[in-house]
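See structure below.
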Amino acid sequence: MNSRQRDQLATLVFYSIAAGITALLFGLIGYMLYQGFPKLTLDFLTSPSSSFKAGGGIGSQLFNSFYILVLTMLFTIPLGLGGGIYMAEYARDNKLTSTIRTCIEVLASLPSIVIGMFGLLVFVNLTGWGYTMIGGALALTVFNLPVMVRVCEDALRSVPREQKEASLALGLTHWHSIKTVLLPAAFPGILTGAILASGRVFGEAASLLFTAGITTPTLDFGNWNPFDSVSPLNIFRPAETLAVHIWSVNTQGLIPDVRAVADGSAAVLILAVLVFNLLARWIGSLLHKKITAQA
Amino acid sequence: MDGNTVRASSRLLKSTNKTALHLERRGKMTVMVCAFLIISAALSITIFLTVKGLDAFLENGVSIVDFLSSTNWNPTDHKSPTYGALSFIFGSFLVTILAACLAAPLGIGCAIFMTEIAPSWGKKVLQPVIELLVGVPSVVYGFIGLSVLVPFLRSVVGGQGFSVLAGTLVLAVMILPTVASIAADGLNSLPGGLREGSFALGATRWQTIWRVVLPAAMPTLLTAIVLGMARAFGEALAVQMVIGNVRTLPEALTDPAATLTTIITLNMGHTTFGSTENNVLWSLALILLAMSFFFILFIRYLSSRRKFS
Amino acid sequence: MMKKMKSVYLLAVLALMLVVSTACGNKNGDNKAASAGDKSSSSSESMVISGSSAMQPLVAASAEEFKKQNPKADIQVQAGGSGTGLSQVSQGAVKIGNSDVFAEEKEGIAADQLVDHKIAVVGMSAAVNPEVGLKDISKENLIKVFTGKVKNWKEIGGKDQKVALINRPDSSGTRATFVKYALDGNKPVEGAATEDSSNTVQKLIKETPGAIGYLAFSYFKENSGITPLSINGVAPKAENVIDGKFPIWAYEHSYTKGEPKGLEKEFLDYMMSDAIQGELIPSQGYIAVSKMKVERDAKGKITKK
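Chains as they are written, first to last, in the numbering used here: chain A, 1 to 295; chain B, 1001 to 1309; chain C, 2001 to 2305.
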């Protein structure tokens, strides 16, 4: 075999790896949607789950997933933004900065089950809340924070230096120029990153097992008093999310139609990930166009 | 409430008035607080889990040597409970390393395809594919493993289907996109002159990849693999659904096994908080924590050896 | 201008929520008894029940029924495992803790502070893949199978198939009961798989040649695809458990810290009423505790009623 044949062989191998991975993705998504799509009736998506009879839906779980995502983002975005601004603008090359960097790395590399156990220790046992939505959201905040900090830092750093320098030269204070020049310019990047991170949060399960719990009260969607235990808005109730539901019906469930419920839930999760991804791309390009057109 | 209203004067570009300076100081304070919250989150996780993880050894008198070296795990025996976690530690390492062995060549191959073979359209197609694969929740991987892979293995290779092999395959698919995307970043950041130089010397594309690109990018590629391994090591639910959760050492790939994470998820709810059998689960979590520190240190070491960045 | 102030504003929201949440959390945790006293009618209280995942459907369904009669009562039923339920009730974090096992059998629980309310009885037995060809097994042989002394079913009269054991996690209540009353305390060897969910165990037994596992009676339906085993010739049926002929059964317990009062008492009384004991409990495959002709204490001693 001469070197040209070897080169062709290698090219072939690389092509097949790429084709294989693409096929894997389409296989996975296609299979889940094919299996789950017939189950996605309005009734399945809105009715409460059943704990032992067949025919339960995922209404409460779906709502919990979105609610916990909103709460998590409410905590993470300001914290991530603050951390990102610090790292991109204020951090000097000193011990403190490298400590923060290490901490972000530590948080990013923690297995999510470990974050869940920390949540169990602090947000469940120490506070005496028990399994709650808020405990879950705080655990997810820890889980999501390093991602958001990195997203914000990268977005801020990718703003051209000249823009910042020009604003400083005009006599703006540093903070003022961050607010009026840097943040608007970095906004598309931050938004895109935040949406992608949302997809990750939406599908997370391990850190919620011991914090938001594996049960959910049957929600009464007519009751919007946030202090009532069956109210969807209550943040001190256990809140099983969709991802946790897939795990719990498969490994602890008593219902006879596990497969159907899990198929349907998995299809919803996959769809959500697809939507989050497409949304991030679409908004990203839209904002990019808008901003470059204005400039 | 000058937090929400901004006075007309500060709309002027020149912001030398008192409000602006005040805002400047407060802005800086705000971001400092955020930064300190991040530090305190990381510190408190480390401290809380370390203290809790050591309880089993310090308070319940579990022997740390037995814990790390014995495979005899029988915490519910009322007369003489034993707490040997070696099989789970071994199980975690086994599936992690096997998954990395599968995912590394495929992921790096994918990255090479994106950067070296078909940089124009390959990237356009594969980049979204990889991003989507990263986004697929791990429970979905686990569920597909449980409902497709396990029955398939049962009918093809025999046994129960719940096996080290099933766990390895699920993990390999899970970490593949992580490895691929970091490896692609690494290959992209190599100076273009390297390749051109090699081609100018008459090397074929494969020779260039094998002799020039891969060695030059080696530290980054290793980082990609280590990050993938870190993810595999800590993954809990997907593995638990397919591995069988048996506490003996596996003798073959088709044997079931257990990992640190699967034992934690299975037993956490059944045990009472503060009991020895519960505390040893926290010790297992401490091992997970220690391993993630190890992975960080290893990645730092690798990045210090990076030739081009 | 709002956009620029977003981070400051959101931080304020965050701080506020943390403060509110801590305040509410404390109220939830500590002052529940106090706030219960303030209310005029005991039926408008709220309480949280936690514990055994297996009992959660039964208790949740009872709570639904209870709420129909007392619309103001607010009962949350969570699952997290028997250990969690017992820890939480002894810490006072929840009012009732459900457990598959006696509190005395769990380490780290001050059982003397807890009051046991036996709600139902669950019978369980070993079940095998139909192809094994056994319907009855002596206790002796059952122990041999689970301790790994019998490795092939033909040794004890079945087909020529390897034994594949399907276990439950160490800390599971089902496992504890089975080991104590079916295996006389002999430790089962590790088998083919360890699964927590009865559904999964049933599926595995059905699909795996030579498989044996243990399940509650409610999984032994006609079309379940598994063969329940009689033990020493006694069939795994509710009647036999009631008479005390069939040995493998356990109570489903609800524990309260101290004697129950107010809503706890009302609800537990309701659980013992005919509506629940006569209908809901049998319909979920449990045996009504009121029907039992024998009693068992925490040490496993059986007495006739």
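Just so you know, even glycine gets a beta-carbon here, dropped at the ideal spot from N, CA and C.
On a predicted model such as this, the values are computed, not experimentally measured, just so you know.
Legend entry - Option nearest C:Thr2194 by Cα separation, candidates C:Leu2165, C:Ser2082, C:Phe2146: C:Leu2165 is the residue among C:Leu2165, C:Ser2082, C:Phe2146 whose C-alpha sits nearest the C-alpha of C:Thr2194.
Legend entry - Cutoff 8 Å: C:Ser2035 Cβ touching any chain A Cβ: Unreliable positioning characterises C:Ser2035 in this predicted model, as indicated by a pLDDT of 36, which lies under 50. A coordinate reading is not provided.
Legend entry - Given 8 Å, three or more beta-carbon pairs between the region 1200 to 1210 of chain B and the region 1121 to 1138 of chain B: no
Legend entry - Cβ shell of C:Ala2023 (< 7 Å), same chain only, five flanking positions each side left out: Note that C:Ala2023 scores a pLDDT of 41, beneath 50, so its modelled location is shaky; the value from the coordinates is reported in the next line. Hits under 7 Å: none found.
Legend entry - Proximity winner among B:Ala1216, B:Ser1063, B:Leu1176, relative to B:Cys1101 (alpha-carbon distances): B:Leu1176
Inset, instruction - Verify the CB distance criterion: does B:Glu1131 have a CB-CB separation below 8 Å to chain A? - result: yes
Legend entry - Beta-carbon neighbours of A:Arg237, restricted to chain C and to distances below 8 Å: Under the 8 Å cutoff, chain C gives Gln2076.
Inset, instruction - Would you decide whether B:Thr1178 is buried or exposed? Buried here means 16 or more other CB atoms lie within 10 Å of its CB. - result: So B:Thr1178 counts as buried.
Inset, instruction - Give the residues of chain A in contact with C:Val2094, contact being defined as C-beta atoms less than 8 Å apart. - result: Taking a Cβ-Cβ threshold of 8 Å, the residues of chain A close to C:Val2094 are Gly130, in chain order.
Inset, instruction - Round the Cβ separation of C:Leu2251 and C:Lys2118 to the nearest angstrom and send it over; I've been treating them as touching at under 8 Å. - result: It is worth fixing the name first, because residue 2251 of chain C is Tyr in this sequence and not Leu. Cβ-Cβ separation between C:Tyr2251 and C:Lys2118: approximately 4 Å, consistent with a contact (criterion under 8 Å).
Inset, instruction - Note down the Cα distance separating B:Ile1112 from B:Ala1224, rounded to an integer number of angstroms. - result: 13 Å
Legend entry - Contacting residues, own chain, Cβ-Cβ under 8 Å from A:Asp43 (five flanking each side not counted): In chain order, Gly57 place their CB closer than 8 Å to the CB of A:Asp43, counting only its own chain and leaving out the 5 sequence neighbours on each side.
Inset, instruction - Return helix, strand or coil for C:Pro2057, following the three-state DSSP convention. - result: The three-state secondary structure of C:Pro2057, taken from DSSP, is helix.
Inset, instruction - Check whether the Cβ of B:Ser1092 lies closer than 8 Å to any Cβ atom in chain C. - result: no
Inset, instruction - List the residues that DSSP assigns as beta-bridge partners of C:Lys2118. - result: C:His2253
Inset, instruction - Tell whether a beta-carbon distance below 8 Å holds between B:Asn1245 and B:Ala1258. - result: yes
Inset, instruction - Could you spell out the range, first to last residue, of the beta strand (DSSP E) harbouring C:Val2294? - result: Per DSSP, C:Val2294 belongs to the beta strand (DSSP E) from 2294 to 2296.
Legend entry - Inter-stretch contact at 8 Å, needing at least 3 Cβ pairs: the region 2220 to 2228 of chain C / the region 2050 to 2058 of chain C: no
Legend entry - Burial state of C:Thr2084, where buried means 16 or more other Cβ atoms lie within 10 Å: buried
Inset, instruction - Compile a chain-ordered list of the residues in the region 204 to 227 of chain A whose CB is closer than 7 Å to at least one CB of chain C. - result: When CB distances to chain C are screened at a threshold of 7 Å, the residues of the region 204 to 227 of chain A falling below it are Gly213, Ile214, Thr215, Pro217, in chain order.
Legend entry - Same chain only: Cβ atoms within 7 Å of B:Gly1159, ignoring 5 sequence neighbours per side: Thr1254
Legend entry - chain B contact for C:Glu2190 (CB, 8 Å cutoff): yes
Legend entry - Through-space distance from C:Pro2188 to A:Thr72, alpha-carbon basis: 44 Å
Legend entry - Three-state class that DSSP yields for C:Ala2127 in the structure shown: strand
Legend entry - Beta-ladder partner(s) of C:Gln2076, from DSSP: Note: C:Gln2076 sits in a beta bridge opposite C:Val2048.
Inset, instruction - Look at the Cβ atom of B:Glu954, then the Cβ atom of B:Ile1209, and state whether they are nearer than 8 Å. - result: The requested residue 954 of chain B is not part of the displayed model; chain B covers only 1001 to 1309.
Inset, instruction - Give the residues of chain C in contact with A:Ser229, contact being defined as C-beta atoms less than 7 Å apart. - result: Ser2046, Asp2074, Gln2076
Legend entry - For B:Val1212 and B:Gly1197, the rounded distance between their alpha carbons: 10 Å
Inset, instruction - Specify, as a first and last residue, the run of the beta strand (DSSP E) that C:Lys2304 falls within. - result: 2302 to 2304
Inset, instruction - Classify A:Gln5 as buried or exposed, calling it buried when 16 or more other Cβ atoms lie within 10 Å of its own Cβ. - result: exposed
Legend entry - Cross-chain neighbours of C:Asp2170 in chain A, by beta carbon under 9 Å: Ordered by position in chain A, no residue passes the 9 Å Cβ test against C:Asp2170, which lies about 16 Å from the chain.
Legend entry - Coarse secondary structure for A:Tyr34, derived from DSSP in three states: helix
Inset, instruction - Indicate the three-state DSSP secondary structure (helix, strand or coil) for C:Ser2230 in the structure shown. - result: strand
Inset, instruction - Would you please state the rounded distance, in angstroms, between the beta carbons of C:Ile2143 and C:Asp2170? I believe it to be under 8 Å. - result: About 18 Å separates the two Cβ atoms, so there is no contact after all.
Inset, instruction - Put B:Trp1282 into one of helix, strand or coil per three-state DSSP. - result: helix
Inset, instruction - Identify each residue in the region 2079 to 2092 of chain C for which the Cβ-Cβ distance to at least one residue of chain A is less than 7 Å, and report them in chain order. - result: Ala2079, Gly2080, Gln2088
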